[in-house]
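Notes follow once the structure below has been shown.
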Amino acid sequence: MIATASASLPPALATRLGPEQTQAVLEAPREKRLAALAAALGLTEPEALAATAAAAGLDVASNLEPDPGARGLLPARLVHDYQIIPIRFGPAPAPDTPPGPADPLHLATAWLPDDVMTDWLRTFTPRPPVWHLAVPERVHQLIIENHGVGSGSLDDSDEGYVAPEAIAAAEEIVDEEAAVVRFVTDVITQAVEDQATDIHWEPQEGELRIRYRVDGLLVPVPVPENLLRFQDAIISRLKIMAKLNISEKRLPQDGRINFKANGTTLDIRVSTIPTIYAESISLRLLNQKKEAYTMDRLGMNADEQAQITQFLDYPHGIILVTGPTGSGKSTTLNAFLRKINATDLRIITIEDPIEYEVPGVNQMQVRPEIGLTFADALRHVLRQDPDVIMVGEIRDKDTAEIAIRASLTGHLVFSTVHTNDAPGAITRLVDMGVEPFLVASAIELVIAQRLVRRLCPQCARSAPVSKVKLVESLAILGCDTAEADSVTELKVPVGCDRCRGTGYRGRIGIFEMFRLNDEMHELVLKRESTRTLADAARRHGMRTLGQSGWDKVRSGYTTLDEVLRVITAAEK
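Here it is in structure tokens:
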């Protein structure tokens, strides 16, 4: 959004900034101005919010609730453009008493109101506005919850309202095609802001459902009431963006979208399937420039990092990371690569897809459609004089045997397999047809991992625990139930404006590390079961996923319910 002429900073704030800083703040999108001001003043966003409110003589509204009496009062596009939302303030009115024209309209805003905003409000309601500053993320979330994501693009009830961009540019072409283009962009942009990994567009009877996968869970996305009218145009738009055949609606199709918005570059994998109502489309979002993780940020404690670092220094052997889809395996391997990356090592990766760019590393994308599979790529990589090879996934006997041969001829190999626990990776390779003596000779370390939601640091609080439930939970996790005796309280989720009421923000890893000793070598050669290997590993001190999760719970990072949800779901 382009700042309007009437936009300004209160003198108390303006005097603390230079002209260039002031201009940078006011030219930022309205929902980003508080963050820009905080950066300019060297404050946290909560401090900047309090300072701005004090300088403008406004209060800070927290724990926002929308005002049901004002629903539909303002057009969605105006609400989106100015990032404002009518809120309930004070005691709720009687349900049969609608607000009158003299009753104040309390509005939460992500940034200071200006004359243009006030003029537009008078156009749609005679109620006098009472302004409250609020956390921009929460205001934005309430707008989406009440109007739907992208509703500002598809709004057809604005009664002559013209967006600020159109005033500044003196032109705006409003038609269905342009509205759909904006809407699709809004949905993808919002998914990036919500840190979603996938977007699912699912035609149902009488509706087009949109869901994001956030922190591993599918979250329904509020959508505009008139969305169904645009369903066919939206599906066609997505297929055009992915360079798919828009006339083919009977067969599944796969494609890719290169999406750029707000400084973010996404490589989006697109998959379509025909359903009884229309084509269902899934988007996998891969941020090519997203911030890489270190082992510490992954959630590994000092002991786990020390164990892994020991093996990263080996000149040869295989290190496997295992877990279900979406458990963070590629992110962990990337952290390992960054840990060992040096000018005296030649590192080559074979990935599908390339999720992180690693400076100085030679990264290859597999292309099965033209015959470049993991196994074929690995054969060629071995002729490239590598020191370290990362294979995105071992899916078959051919890839497994080549990877093992590479490790036995002096290369350090990283890869992933899909199993529920670490010992299971050994039996999975044997089940693929790899000789047990090769598996036992090549595998140095297997790491099983899961991702659990991290408690919001802003609102999590301690609460007394039920001893009975705690003992039951520890037994399910395979932990010593006697540990319950020393625990009287644990942290629980609450929900606040910062975490959008969920009580969680982001995810953290839990890990199980399996290394082969002489006893387990013999068990592998005898083709013993996963359970036998796991029992032997625990006798030799292996911490299980359940024990790692319990450590995270005791440290206040997550909750027992969350650990149980993730671990028991994988075992079903």
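Each position in the sequence shown, counted from 1, maps to that position plus 126 in this note's numbering. For glycine and all other residues, C-beta sits at the position ideal for the given N, C-alpha and C.
{"Query": "Supposed contact pair Thr545 and Arg554 - C-beta distance, whole angstroms, cut 8 Å", "Result": "5 Å"}
{"Query": "Residue(s) in a DSSP beta bridge with Gly381", "Result": "Val396"}
{"Query": "Spatially closest choice to Leu710 from Leu603, Gly550, Asp687, by CA coordinates", "Result": "With the chain covering only 127 through 698, there is no way to say anything about residue 710."}
{"Query": "Glu688 in three-state terms, based on DSSP", "Result": "helix"}
{"Query": "Inter-stretch contact at 8 Å, needing at least 3 Cβ pairs: the region 615-629 / the region 580-588", "Result": "yes"}
{"Query": "Residue of Leu135, Arg159, Phe563 minimising C-alpha distance to Ala182", "Result": "Leu135"}
{"Query": "Distance CB(Gln330)-CB(Lys455) smaller than 9 Å", "Result": "no"}
{"Query": "Beta-carbon proximity check, Thr448 vs Thr542, cutoff 9 Å", "Result": "yes"}
{"Query": "Nearest-angstrom Cα separation, counted from Ser567 out to Ile634", "Result": "32 Å"}
{"Query": "Unbroken alpha helix (DSSP H) run spanning Asp524, endpoints", "Result": "523-534"}
{"Query": "Cβ contact check for the region 265-272 and the region 161-169: 3 or more pairs under 8 Å", "Result": "no"}
{"Query": "Closest by C-alpha distance to Tyr80, when choosing among Gln433, Asp358, Ser397, Ile366", "Result": "The structure shown has nothing for residue 80, since the chain only spans 127 to 698."}
{"Query": "According to DSSP, residues forming a beta bridge with Val517", "Result": "Ile476, Ser541"}
{"Query": "Rounded C-alpha distance that separates Ala180 from Glu319", "Result": "28 Å"}
{"Query": "Of the residues Ser592, Val347, Ala322, the one placed nearest Glu333, counting alpha carbons only", "Result": "Val347"}
{"Query": "Ser279, buried or exposed, once every other Cβ within 10 Å from all chains shown has been counted against 16", "Result": "buried"}
{"Query": "Three or more C-beta pairs below 8 Å linking the region 168-179 and the region 190-204", "Result": "no"}
{"Query": "Closest residue to Leu247 among Gly276, Glu570, Arg203 (Cα-Cα distance)", "Result": "Arg203"}
{"Query": "Local Cβ density within 10 Å of His666, reported as buried at 16 or more and exposed below that", "Result": "exposed"}
{"Query": "Bridge partner(s) assigned by DSSP for Leu571", "Result": "Ile445"}
{"Query": "Residue from Tyr208, Leu412, Leu233, Leu446 with nearest C-alpha to Asp193", "Result": "Leu233"}
{"Query": "Candidates Cys605, Trp237, Glu570: closest to Pro441 by CA position", "Result": "Glu570"}
{"Query": "Nearest neighbour of Val597, chosen from Ala551, Thr607, Leu238 [CA to CA]", "Result": "Thr607"}
{"Query": "Which of helix, strand or coil DSSP assigns to Glu648", "Result": "helix"}
{"Query": "Gln436, buried or exposed, once every other Cβ within 10 Å from all chains shown has been counted against 16", "Result": "exposed"}
{"Query": "His506, buried or exposed, once every other Cβ within 10 Å from all chains shown has been counted against 16", "Result": "exposed"}
{"Query": "Whether Val345 touches Ala322 by CB criterion (9 Å)", "Result": "yes"}
{"Query": "Per DSSP, the bridge partner or partners of Thr420", "Result": "Note: Thr420 sits in no beta bridge, so no partner."}
{"Query": "Whole-angstrom C-beta distance between Arg339 and Glu328, which should lie under 8 Å", "Result": "About 13 Å; that fails the 8 Å criterion."}
{"Query": "Same chain, Cβ closer than 7 Å to Ile366, neighbours up to 5 away in sequence not counted", "Result": "Ile372"}
{"Query": "At least 3 beta-carbon pairs within less than 8 Å: the region 630-644 vs the region 674-686", "Result": "yes"}
{"Query": "The beta strand (DSSP E) enclosing Pro255, as first and last residue numbers", "Result": "255-259"}
{"Query": "Anticipated Cβ contact below 8 Å, Ile480 with Pro512, distance rounded", "Result": "About 17 Å separates the two Cβ atoms, so there is no contact after all."}
{"Query": "Residue closest to His273, alpha-carbon to alpha-carbon, out of Leu671, Ala551, Val349", "Result": "Val349"}
{"Query": "Rounded straight-line distance, which links the Cα of Gln489 to that of Ile693", "Result": "32 Å"}
{"Query": "Those runs of the alpha helix (DSSP H) which lie wholly inside the region 137-172 and span at least 4 residues", "Result": "137-140, 145-153, 159-167"}
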